[in-house]
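Take a look at the structure below.
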Amino acid sequence: LVVLRGHDGPVNGVRTFVVNDAVRVVSCGSDETVRIWSIEGGDALQVLRGHSGYVRGVTTVVVNGEVRVVSCGDDGTIRTWDAIDGGD
7 LVVLRGHDGP VNGVRTFVVN DAVRVVSCGS DETVRIWSIE GGDALQVLRG
57 HSGYVRGVTT VVVNGEVRVV SCGDDGTIRT WDAIDGGD
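Residue numbers (this note's numbering): 7 to 94.
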(Lines of atoms letter the chains of each structure in order from A and count residues from 1; the text may use other names and numbers.)
(Lines give C-alpha, C1' and ligand atoms only; values in the text may rest on other atoms or scores of the structure.)
Protein backbone atom coordinates (compact mmCIF):
# COMPACT_ATOMS: atom_id res chain seq x y z
CA LEU A 1 0.00 0.00 0.00
CA VAL A 2 1.33 3.42 -0.97
CA VAL A 3 -0.27 6.46 0.67
CA LEU A 4 0.25 9.81 -1.05
CA ARG A 5 0.29 12.65 1.48
CA GLY A 6 0.89 16.31 0.89
CA HIS A 7 -2.34 18.18 0.16
CA ASP A 8 -3.44 20.55 2.90
CA GLY A 9 -7.16 19.77 2.95
CA PRO A 10 -9.50 17.74 0.79
CA VAL A 11 -8.35 16.06 -2.43
CA ASN A 12 -10.89 16.85 -5.15
CA GLY A 13 -9.66 14.77 -8.06
CA VAL A 14 -7.12 12.15 -9.09
CA ARG A 15 -5.94 10.61 -12.36
CA THR A 16 -3.19 8.23 -13.42
CA PHE A 17 -1.02 8.54 -16.52
CA VAL A 18 2.21 7.19 -18.00
CA VAL A 19 5.13 9.38 -18.99
CA ASN A 20 8.56 8.08 -20.05
CA ASP A 21 7.44 4.53 -19.14
CA ALA A 22 6.70 5.56 -15.53
CA VAL A 23 3.25 5.50 -13.92
CA ARG A 24 2.34 8.81 -12.32
CA VAL A 25 -0.62 10.06 -10.32
CA VAL A 26 -1.89 13.62 -10.60
CA SER A 27 -4.18 15.07 -7.93
CA CYS A 28 -5.88 18.37 -7.21
CA GLY A 29 -7.07 19.83 -3.97
CA SER A 30 -8.67 22.55 -1.95
CA ASP A 31 -5.18 23.86 -1.12
CA GLU A 32 -5.07 25.49 -4.59
CA THR A 33 -2.47 23.00 -5.89
CA VAL A 34 -2.09 20.26 -8.45
CA ARG A 35 0.44 17.58 -7.52
CA ILE A 36 2.23 15.00 -9.64
CA TRP A 37 3.28 11.90 -7.72
CA SER A 38 5.53 8.90 -8.18
CA ILE A 39 3.34 5.85 -7.59
CA GLU A 40 6.42 3.74 -6.89
CA GLY A 41 7.85 5.81 -4.03
CA GLY A 42 4.90 7.97 -3.05
CA ASP A 43 6.88 11.18 -3.50
CA ALA A 44 5.39 14.42 -4.81
CA LEU A 45 7.50 15.14 -7.90
CA GLN A 46 5.86 18.47 -8.72
CA VAL A 47 3.63 20.89 -6.82
CA LEU A 48 1.89 23.08 -9.41
CA ARG A 49 0.63 26.44 -8.22
CA GLY A 50 -1.35 28.97 -10.20
CA HIS A 51 -4.99 28.64 -9.21
CA SER A 52 -6.36 31.18 -6.72
CA GLY A 53 -9.09 28.99 -5.30
CA TYR A 54 -10.01 25.36 -4.83
CA VAL A 55 -8.89 23.14 -7.70
CA ARG A 56 -11.95 21.04 -8.56
CA GLY A 57 -10.85 18.80 -11.42
CA VAL A 58 -7.81 17.37 -13.13
CA THR A 59 -7.18 15.22 -16.19
CA THR A 60 -4.42 14.50 -18.69
CA VAL A 61 -4.19 14.79 -22.45
CA VAL A 62 -1.49 13.98 -25.00
CA VAL A 63 -0.68 16.89 -27.34
CA ASN A 64 1.89 16.34 -30.09
CA GLY A 65 3.25 13.33 -28.20
CA GLU A 66 3.64 15.20 -24.90
CA VAL A 67 1.53 14.58 -21.80
CA ARG A 68 -0.21 17.68 -20.44
CA VAL A 69 -2.05 18.03 -17.13
CA VAL A 70 -5.27 20.06 -17.33
CA SER A 71 -6.90 21.49 -14.21
CA CYS A 72 -9.92 23.66 -13.43
CA GLY A 73 -10.80 25.62 -10.34
CA ASP A 74 -13.03 27.99 -8.48
CA ASP A 75 -11.02 30.93 -9.86
CA GLY A 76 -12.80 30.35 -13.19
CA THR A 77 -9.66 29.23 -15.03
CA ILE A 78 -8.55 26.11 -16.85
CA ARG A 79 -4.80 25.66 -16.70
CA THR A 80 -2.45 23.34 -18.58
CA TRP A 81 0.88 22.11 -17.31
CA ASP A 82 3.74 20.06 -18.73
CA ALA A 83 3.54 16.66 -17.00
CA ILE A 84 7.33 16.27 -16.84
CA ASP A 85 8.58 19.62 -15.55
CA GLY A 86 5.39 21.40 -14.46
CA GLY A 87 5.94 24.29 -16.86
CA ASP A 88 3.37 26.00 -19.06
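All C-beta atoms in this analysis are idealised placements derived from N, C-alpha and C, irrespective of residue type, glycine included.
By the Cβ-count criterion, Ala28 is exposed, with fewer than 16 other Cβ atoms from all chains shown falling within 10 Å of its own Cβ. In the structure shown, the three-state DSSP call for Asp88 is strand. Gly19 sits close to Ser33, with the two beta carbons spaced by under 8 Å. Val61 and Ser44 do not touch by the CB rule: their CB atoms are close to 20 Å apart, not below 8 Å. Between His57 and the set Asp94, Thr83, Asn26, Trp87, the nearest pair of CA atoms involves Thr83.
Residue pairing by DSSP places Gly93 in no beta bridge whatsoever. Taken atom to atom, the span from the alpha-carbon of Asp80 to that of Ser36 is near 10 Å. Inter-residue distance for Asn70 and Asp94 is about 15 Å (C-alpha atoms, whole angstroms).
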